[in-house]
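Taken in order, these protein sequences are the chains called A and B.
Counting from 550, one number per residue, gives the positions in the first sequence under this note's numbering.
Counting from 60, one number per residue, gives the positions in the second sequence under this note's numbering.
Even glycine gets a Cβ: it sits at the ideal position worked out from N, Cα and C.
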Amino acid sequence: MHFDAFDRYHEKESFIHLLDPRVKVVVTIAFIVSNALLPDGAWMAFVFAWLFLLATNVLSQLGILYTFKRSLVALPFALIAITVLFSIPGKPLFTFQLFTWDLTITDMGFLRFVSILIRSWLSVQIALLLVAVTRFPDLIHAFEHLRVPAILTTIIAFLYRYLFVLTDEVFRLLRARESRSAGASGKRSGGGVFWRAKIAGNMAGQLFLRSYERSDRIYNAMLSRGYTGHLYTLNPHEMKSRDYFVTAFAIAIIFIVQIIGRL
Amino acid sequence: MHYSPVPMHIPDNFLSLIVSIICWVISAAIIGLAISKTNKALGEKQIPLMGIMAAFIFAAQMINFPVAGGTSGHLLGGAMAAIVLGPWAGMLVMTAVIAVQGLLFQDGGLVVMGANILNMGLVTAAVGYGLYRSVSTQSNTVKLGVIGVAAWLSVMAGALLTSIELWLSGTTQLQLVIPAMLGVHAVIGLGEALITVSALAFILRTRPDLLGADSESAKASRGWVWVGGLITLAVVLLSPFASADPDGLERVATDMGFINAGQSAPYSIIPDYTLPFLGETAFSTIMAGVIGVFVVGAIIMLIGRGLKAKA
Numbered sequence: 550m551h552f553d554a555f556d557r558y559h560e561k562e563s564f565i566h567l568l569d570p571r572v573k574v575v576v577t578i579a580f581i582v583s584n585a586l587l588p589d590g591a592w593m594a595f596v597f598a599w600l601f602l603l604a605t606n607v608l609s610q611l612g613i614l615y616t617f618k619r620s621l622v623a624l625p626f627a628l629i630a631i632t633v634l635f636s637i638p639g640k641p642l643f644t645f646q647l648f649t650w651d652l653t654i655t656d657m658g659f660l661r662f663v664s665i666l667i668r669s670w671l672s673v674q675i676a677l678l679l680v681a682v683t684r685f686p687d688l689i690h691a692f693e694h695l696r697v698p699a700i701l702t703t704i705i706a707f708l709y710r711y712l713f714v715l716t717d718e719v720f721r722l723l724r725a726r727e728s729r730s731a732g733a734s735g736k737r738s739g740g741g742v743f744w745r746a747k748i749a750g751n752m753a754g755q756l757f758l759r760s761y762e763r764s765d766r767i768y769n770a771m772l773s774r775g776y777t778g779h780l781y782t783l784n785p786h787e788m789k790s791r792d793y794f795v796t797a798f799a800i801a802i803i804f805i806v807q808i809i810g811r812l
Numbered sequence: 060m061h062y063s064p065v066p067m068h069i070p071d072n073f074l075s076l077i078v079s080i081i082c083w084v085i086s087a088a089i090i091g092l093a094i095s096k097t098n099k100a101l102g103e104k105q106i107p108l109m110g111i112m113a114a115f116i117f118a119a120q121m122i123n124f125p126v127a128g129g130t131s132g133h134l135l136g137g138a139m140a141a142i143v144l145g146p147w148a149g150m151l152v153m154t155a156v157i158a159v160q161g162l163l164f165q166d167g168g169l170v171v172m173g174a175n176i177l178n179m180g181l182v183t184a185a186v187g188y189g190l191y192r193s194v195s196t197q198s199n200t201v202k203l204g205v206i207g208v209a210a211w212l213s214v215m216a217g218a219l220l221t222s223i224e225l226w227l228s229g230t231t232q233l234q235l236v237i238p239a240m241l242g243v244h245a246v247i248g249l250g251e252a253l254i255t256v257s258a259l260a261f262i263l264r265t266r267p268d269l270l271g272a273d274s275e276s277a278k279a280s281r282g283w284v285w286v287g288g289l290i291t292l293a294v295v296l297l298s299p300f301a302s303a304d305p306d307g308l309e310r311v312a313t314d315m316g317f318i319n320a321g322q323s324a325p326y327s328i329i330p331d332y333t334l335p336f337l338g339e340t341a342f343s344t345i346m347a348g349v350i351g352v353f354v355v356g357a358i359i360m361l362i363g364r365g366l367k368a369k370a
């Protein structure tokens, strides 16, 4: 597996790509918080927030619908919110029968349900955009600059660095299981559920031992190269005047969206 | 990318801002404690180890086994991380895993990440480790049995906390979300328990030295037994109470001012429960029965397996 198999970064030289990663993190968080603060049914504000997203997509040279196309990942979770359709008092919009239950969708319930979905959908898009325009190591560095403890960011950096190595290890284990559990096509192979679970557990245990031993080798290799507990980067992150300007501009737009939402 | 999301990662904006912030504060406090404890106990060697272990948990979540009808069981890893690495290091590892899931895969939001870390990383690790420590001097068979129960309960505790957060945010109804979440996670937790037990049985067989070296003192370990025991007790007592008498929990929350704080909407989210379906007591009784059967079945299977392996 290639080292960037998990990477969501899109190599471009756009204006947004060149911004300091801190700017992108701060604006992303501000945008998500702003969505949370918008009242239910603030349609105009939702539209403006989306326009802001589309504009950022265009500026990033990713294509105007880049985030839109990938934004359905959080949709399954909408199931959890479905009960608000029926549970908030309001004018009945629609009544139907599901098995033996009479369900009535109220206008207030519908309003809240759709608002939750739109807010979440907008937030997922900006999070998608963040990792598409920022290299993950730079992102981790931004968090370090933003006072996230170094031990955590270092663990995350290691996770990212070795994830594809251990994923290869998992694929080897899965391939070995496949090749040893022979079964005629169309027929069930392997034993019962508990037996299968035990095999999966053995694989997890095996993976643990291989990872553990690998971490020893990695540590020794790092030590021999002068590791003292700190990771260094070749990208010095410095806030330029452009970065400050963009942050202020984006926050101002988010404020305007808030005002539109409350008109 | 061969990566199966678990239905417990809350996306952004499914929790209200207040609930998200409260969860962040709690998580940050616990993570801060974990950092100072790990820094004290371990040298700089531990950082690469914890990084690789985080990658291990992430990768181990890809190992699945077919259950039935196209569904498959796989690992969350909170209990396992805490048992093999100790509670504090396990919590840091789980925090890193959840952070990467949210940042890189949009599996779980950014502003609600504090809640996700609390539910899936910190609580699962505390339950898993606490129950495990309570039998650390017993035989391997007992240990593995308790590890199974601990892994299952850790998933249930996470699911319960997730439900409560969603309900406090006015995103869902308590009387529905608790049976639904706990029902689904009773099955997911079974997969978790089976994989965790057989993985640890494997490690006990091949490298028992890795599990024996525990840096926790006797006093600290008693503390963990308490924490694990209390959370377990909360899960066991709160779930039936919340499903059978949601008004009770609502009353408590109202008295404490949570309900108003949690809701930004100008109207009351939680009216009297007038949902005409799901006769409260009947449904929760059935759920409790199903869960009970699962637990007892799992325990019997595990103990039987352990005895057979010994013989």
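*asked:* For residue 692 of chain A, report the span of its alpha helix (DSSP H) as first-last.
replied: In the first sequence, counting from the first residue as 1, residue 692 of chain A sits at position 143. Residue 692 of chain A -> alpha helix (DSSP H) spans 685 to 694.
Q) Nearest-angstrom Cα distance between residue 166 of chain B and residue 223 of chain B? A) Within the second sequence, residue 166 of chain B is the residue found at index 107, counting from 1. Within the second sequence, residue 223 of chain B is the residue found at index 164, counting from 1. Those two C-alpha atoms are separated by around 20 Å.
- prompt: In or out: residue 625 of chain A buried (at least 16 other Cβ within 10 Å) or exposed?
  reply: Here residue 625 of chain A refers to the residue found at position 76 when the first sequence is read from its first residue. Exposed: under 16 other Cβ atoms inside 10 Å.
Q) Thinking C-alpha only, which one of B:123, B:151, B:252 and B:143 is nearest residue 206 of chain B? A) Here residue 206 of chain B is taken as the residue at index 147 of the second sequence, counted from 1. Here the closest residue by C-alpha is B:252.
**Asked** In whole angstroms, what separates the C-alpha of residue 769 of chain A from that of residue 142 of chain B?
**Response** Walking along the first sequence from the start, residue 769 of chain A turns up at place 220. Walking along the second sequence from the start, residue 142 of chain B turns up at place 83. One C-alpha to the other measures close to 25 Å.
#### Entry: Per-residue burial, residue 773 of chain A [other beta carbons within 10 Å of its own, 16 or more giving buried]
For this step, residue 773 of chain A is matched to residue 224 along the first sequence. Answer is exposed; the Cβ neighbour count stays below 16.
Q. How long is the line joining the alpha carbons of residue 71 of chain B and residue 655 of chain A, rounded to whole angstroms?
A. Within the second sequence, the letter at position 12 stands for residue 71 of chain B. Within the first sequence, the letter at position 106 stands for residue 655 of chain A. Each residue's Cα considered, the two are about 25 Å apart.
Next on the checklist: Please report the distance separating the alpha-carbon of residue 614 of chain A from that of residue 658 of chain A.
Outcome noted: Position 65 of the first sequence, counted from the start, is the residue given in the question as residue 614 of chain A. Position 109 of the first sequence, counted from the start, is the residue given in the question as residue 658 of chain A. Distance between the alpha carbons of residue 614 of chain A and residue 658 of chain A is about 30 Å.
| task | Could you name the residues of the same chain whose beta carbon sits closer than 7 Å to that of residue 567 of chain A, not counting the 5 residues immediately before and after it, in chain order? | result | Within the first sequence, numbered from 1, the residue matching residue 567 of chain A stands at position 18. Answer for residue 567 of chain A: no residue qualifies.
- Task: Measure the alpha-carbon distance for residue 230 of chain B versus residue 156 of chain B and round it to whole angstroms.
- Result: Translated into positions along the second sequence, residue 230 of chain B becomes position 171. Translated into positions along the second sequence, residue 156 of chain B becomes position 97. Cα to Cα, residue 230 of chain B sits roughly 26 Å from residue 156 of chain B.
Quick one: grab the DSSP three-state call for residue 72 of chain B.
Along the second sequence, one-based indexing puts residue 72 of chain B at 13. Three-state DSSP puts residue 72 of chain B in coil, outside helix and strand.
- List the DSSP bridge partners of residue 645 of chain A. Taking the first sequence and counting its residues from 1, the one referred to as residue 645 of chain A is at position 96. A:652.
Query - Option nearest residue 764 of chain A by Cα separation, candidates A:710, A:596 and A:584 - result: Residue numbering aside, residue 764 of chain A sits at position 215 when the first sequence is read from its first letter. Cα-wise, what sits closest to residue 764 of chain A is A:710.
- Item | 7 Å Cβ cut-off: residues of chain B touching residue 771 of chain A | What you label residue 771 of chain A is simply residue 222 of the first sequence in a count that begins at 1. Correct list: 107.
* Should the region 785 to 800 of chain A be called in touch with the region 571 to 587 of chain A, which here means at least 3 C-beta pairs below 8 Å? -> yes
Open item on the list: With a threshold of 8 Å between beta-carbons, can residue 230 of chain B be considered close to chain A, or not?
Closed with: Along the second sequence, one-based indexing puts residue 230 of chain B at 171. Judged by the 8 Å Cβ criterion, residue 230 of chain B is in contact with chain A.
Subject >> From B:266, B:267, B:240 and B:235, residue whose alpha carbon lies closest to that of residue 632 of chain A >> reply: Here residue 632 of chain A refers to the residue found at position 83 of the first sequence. Looking at the Cα atoms, B:235 is the closest of the given residues.
Could you list which residues in chain A have their beta carbon closer than 9 Å to that of residue 75 of chain B, in chain order? Stepping through the second sequence from its first residue, residue 75 of chain B is reached at position 16. Residues of chain A passing the Cβ test: 585.
What does residue 190 of chain B reach in chain A if we use C-beta pairs closer than 7 Å?
-> Residue numbering aside, residue 190 of chain B sits at position 131 when the second sequence is read from its first letter. Ordered by position in chain A, no residue passes the 7 Å Cβ test against residue 190 of chain B, which lies about 18 Å from the chain.
For residue 317 of chain B, which residues of its own chain have a beta-carbon under 7 Å away from its beta-carbon, when the five flanking residues on both sides are left out?
As a first step, residue 317 of chain B is located in the second sequence; it is residue number 258 there, counting from the start. Only weak support is given to the placement of residue 317 of chain B: the predicted model assigns it a pLDDT of 47, under 50, and the question is left unresolved by the model.
Worksheet item: Using a Cβ-Cβ distance under 8 Å, would residue 804 of chain A count as near chain B?
Response: Residue 804 of chain A sits at position 255 when you count from the first residue of the first sequence. Not one chain B Cβ lies under 8 Å of residue 804 of chain A.
request  = Output the distance between the C-alpha atoms of residue 673 of chain A and residue 596 of chain A, rounded to the nearest integer angstrom.
outcome  = Reading the first sequence from its first residue, position 124 is the one you call residue 673 of chain A. Reading the first sequence from its first residue, position 47 is the one you call residue 596 of chain A. Each residue's alpha carbon lies about 15 Å from the other.
C-alpha distance - residue 558 of chain A paired with residue 685 of chain A, whole-angstrom precision: Position 9 of the first sequence, counting from 1, holds the residue named residue 558 of chain A. Position 136 of the first sequence, counting from 1, holds the residue named residue 685 of chain A. Going from the Cα of residue 558 of chain A to the Cα of residue 685 of chain A covers about 8 Å.
Taking the continuous alpha helix (DSSP H) assigned at residue 582 of chain A, which residues delimit it?
In the first sequence, residue 582 of chain A corresponds to position 33, counting from 1. 570 to 586 is the span of the alpha helix (DSSP H), which, as asked, contains residue 582 of chain A.
Worksheet entry | C-alpha gap between residue 720 of chain A and residue 191 of chain B, whole angstroms | Counting from 1 along the first sequence, the entry for residue 720 of chain A is found at position 171. Counting from 1 along the second sequence, the entry for residue 191 of chain B is found at position 132. Distance between the alpha carbons of residue 720 of chain A and residue 191 of chain B is about 30 Å.
- Could you pull the start and end residues of the alpha helix (DSSP H) that residue 636 of chain A belongs to? Counting from one through the first sequence, the residue named residue 636 of chain A turns up at place 87. Unbroken alpha helix (DSSP H) run through residue 636 of chain A: 633 to 636.
Original post:
Exposed or buried, which one is residue 84 of chain B when buried takes at least 16 other CB atoms within 10 Å?
Top reply: In the second sequence, the residue the question calls residue 84 of chain B occupies position 25. Classification of residue 84 of chain B: exposed, given that the 10 Å Cβ count is below 16.
Could you please tell me which residues of the region 687 to 709 of chain A, in chain order, have their CB closer than 8 Å to any CB of chain B?
688, 698, 700, 701, 703, 704, 705, 706, 707, 708 and 709
Practice task
Kindly say whether residue 104 of chain B, judged by its beta-carbon, lies nearer than 8 Å to any beta-carbon of chain A.
Solution key: Here the question's residue 104 of chain B lines up with position 45 in the second sequence. Judged by the 8 Å Cβ criterion, residue 104 of chain B is in contact with chain A.
Under a three-way DSSP split, which group does residue 115 of chain B fall into?
Reading the second sequence from its first residue, position 56 is the one you call residue 115 of chain B. DSSP places residue 115 of chain B in helix when its eight states are reduced to three.
Q.
So residue 573 of chain A contacts chain B; which residues on that side make the cut at Cβ distance below 8 Å?
A. Numbered from 1 along the first sequence, position 24 holds the residue referred to as residue 573 of chain A. None at all; the shortest Cβ gap to chain B is about 12 Å.
Query raised in the report: Is residue 751 of chain A helix, strand or coil by DSSP?
Result: Translated into the one-based positions of the first sequence, residue 751 of chain A becomes position 202. Three-state DSSP puts residue 751 of chain A in a helix.
query: residue 124 of chain B by DSSP, collapsed to three states: which one?
result: Translated into the one-based positions of the second sequence, residue 124 of chain B becomes position 65. In this structure, residue 124 of chain B counts as strand in the three-state DSSP scheme.
*asked:* One question on the structure: do residue 77 of chain B and residue 185 of chain B come within less than 8 Å of each other, judged by their Cβ atoms?
replied: Residue 77 of chain B sits at position 18 when you count from the first residue of the second sequence. Residue 185 of chain B sits at position 126 when you count from the first residue of the second sequence. No, the Cβ-Cβ distance between residue 77 of chain B and residue 185 of chain B is not below 8 Å.
- Query: Between the region 172 to 186 of chain B and the region 207 to 214 of chain B, are three or more C-beta pairs nearer than 8 Å?
  - Reply: yes
For residue 779 of chain A, list the residues DSSP reports as bridge partners. As a working mapping, residue 779 of chain A is identified with position 230 in the first sequence. Paired residue(s): none; residue 779 of chain A is not in a bridge.
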